[in-house]
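A short write-up of the structure that comes next.
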């Protein structure tokens with residue numbers, strides 16, 4: 340959602356063809372133990388599960404629809420990967436209006452200018468050019484980035500987060516802080532286990 344929000348706010352993507360491809364660590368599978376979630380069976384895998392009609396698709400469409408103020412169509416395909424914590428989501432979006440890389444960066448920065456836990460990742464030369472769950476695990480950060488495929492009018496929007504922090508406990512603490520009038524970042528200023 341966070342990687343797509345600024346693009347919907349600026350009405351530059353096709354809302355009928357949003358493709359969401361997520362790579363999810365084992366802690367995203369819930370508390371119930373099963374053969375497929377056991378770490379010995381997950382080692383070295385990239386296993387699709389529910390590649391069509393995933394149960395979270397409706398929630399994503401609902402929340403994106405509230406941002407866009409119209410119905411949204413999402414195709415979601417999650418994959419179990421050899422991680423314990425972390426989610427990397429690659430969103431394939433199709434541009435309906437021309438936008439430069441600088442224009443899109445401005446959209447992201449304007450949308451999240453007051454958000455202390457959103458970071459923008461784009462290193463044109465380094466090994467880590469885009470968001471990577473490795474650099475958010477243990478923190479409440481969500482790292483965002485994108486790339487543009489001009490040949491296909493496609494924008495690839497990426498996000499990485501720790502599903503146990505930003506996806507669950509961290510979001511709960513952040514929301515409690517806001518509701519109780521505390522500083523939004525109280526109790527959440529943890530450096531990721533692998534700092535950037």
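In our numbering, the protein residues as written are 340 to 535.
Backbone N, C-alpha and C fix where the C-beta goes; we use that ideal spot for every residue, glycine too.
Note that this is a predicted model, so its numbers are computed, not measured.
Whole-number beta carbon distance between residue 485 and residue 457, since they are thought to touch under 8 Å
Here the question's residue 457 lines up with position 118 in the chain shown. Here the question's residue 485 lines up with position 146 in the chain shown. About 13 Å; that fails the 8 Å criterion.
Evaluate contact between the stretch 414 to 431 and the stretch 447 to 455, counting only Cβ atoms and requiring at least three cross-stretch pairs below 8 Å.
The stretch 414 to 431, when compared against the stretch 447 to 455, does not touch it at the 8 Å Cβ threshold.
Hey, would you say residue 505 sits closer than 9 Å to residue 406, going by beta carbons?
Translated into positions along the chain shown, residue 505 becomes position 166. Translated into positions along the chain shown, residue 406 becomes position 67. Taking a C-beta distance under 9 Å as the contact criterion, residue 505 and residue 406 do not qualify as a contact pair.
Judging by CA-CA distance, which residue of 468, 531, 399 and 361 is the nearest neighbour of residue 386?
Here residue 386 corresponds to residue number 47 of the chain shown, with the count starting at 1. Closest by alpha carbon: 361.
Rounded C-beta distance between residue 490 and residue 460? I'm assuming under 8 Å.
Sequence index remark: in the chain shown, residue 490 carries index 151 (1-based). Sequence index remark: in the chain shown, residue 460 carries index 121 (1-based). Rounded, the Cβ-Cβ distance is 23 Å, inconsistent with contact.
Hey, residue 394 and residue 501: beta-carbon distance below 9 Å or not?
Within the chain shown, numbered from 1, the residue matching residue 394 stands at position 55. Within the chain shown, numbered from 1, the residue matching residue 501 stands at position 162. No; because the gap between Cβ atoms is not below 9 Å, this pair is not in contact.
What is the C-beta distance between residue 531 and residue 480, in whole angstroms, given that I count them as a contact (C-beta under 8 Å)?
To locate residue 531, count along the chain shown from 1; it is residue 192. To locate residue 480, count along the chain shown from 1; it is residue 141. Residue 531 to residue 480, Cβ: 7 Å. Contact.
With a CB to CB cut of under 6 Å and the five nearest residues on each side skipped, what residues in its chain are close to residue 410?
Counting from one through the chain shown, the residue named residue 410 turns up at place 71. Residues of the same chain with a CB within less than 6 Å of the CB of residue 410, apart from the 5 flanking positions on each side, are 404 in chain order.
Mind checking residue 471: buried by the 16 CB within 10 Å criterion, or exposed?
In the chain shown, residue 471 corresponds to position 132, counting from 1. Residue 471 sits buried, since 16 or more C-beta atoms from the chains shown fall within 10 Å of its C-beta.
For residue 484: DSSP bridge partner residues
Here residue 484 is taken as the residue at index 145 of the chain shown, counted from 1. 497, per the DSSP bridge assignment.
Return the Cβ separation of residue 347 and residue 429 in integer angstroms, given the expectation that the two are a contact with Cβ distance under 8 Å.
For the purposes of this step, residue 347 is identified with residue 8 of the chain shown, where counting begins at 1. For the purposes of this step, residue 429 is identified with residue 90 of the chain shown, where counting begins at 1. That pair is no contact at about 17 Å.
How far does the alpha helix (DSSP H) with residue 350 in it reach, from first residue to last?
For this step, residue 350 is matched to residue 11 along the chain shown. Per DSSP, residue 350 is not a residue of any alpha helix (DSSP H), being assigned neither H nor E.
Could you say which of 514, 533 and 534 lies nearest to residue 525 if we only look at CA atoms?
Within the chain shown, the letter at position 186 stands for residue 525. Considering only alpha carbons, the answer is 514.
Residue from 464, 437, 431 and 427 with nearest C-alpha to residue 354
One-based indexing of the chain shown puts residue 354 at position 15. For the options 464, 437, 431 and 427, the alpha carbon positioned closest to that of residue 354 is the one of 431.
Taking the alpha helix (DSSP H) that residue 385 belongs to, which residues open and close that run?
The residue given as residue 385 occupies position 46 in the chain shown. For residue 385, there is no enclosing alpha helix (DSSP H); the residue is found in the beta strand (DSSP E) stretching over 385 to 387.
Could you tell me how far apart the beta carbons of residue 351 and residue 413 are, in whole angstroms, since I believe they sit closer than 8 Å?
Residue numbering aside, residue 351 sits at position 12 when the chain shown is read from its first letter. Residue numbering aside, residue 413 sits at position 74 when the chain shown is read from its first letter. About 17 Å separates the two Cβ atoms, so there is no contact after all.
By the three-class DSSP mapping on this structure, what secondary structure does residue 403 have?
Sequence index remark: in the chain shown, residue 403 carries index 64 (1-based). Note: residue 403 maps to helix in three-state DSSP.
How many angstroms separate the CA atom of residue 437 from the CA atom of residue 455?
As a position in the chain shown, residue 437 is number 98, starting the count at 1. As a position in the chain shown, residue 455 is number 116, starting the count at 1. Going from the Cα of residue 437 to the Cα of residue 455 covers about 29 Å.
Would you mind listing the beta strand (DSSP E) stretches within the stretch 399 to 446 that are 3+ residues and don't spill past its ends, in chain order?
For secondary structure counted as the beta strand (DSSP E) over 3 or more consecutive residues, the stretch 399 to 446 holds these complete runs in sequence order: 413 to 420 and 426 to 433.
Could you tell me which of 397, 427 and 401 sits nearest to residue 342, measuring between CA atoms?
The count along the chain shown starts at 1 and reaches residue 342 at position 3. When only C-alpha atoms are compared, the closest one is 427.
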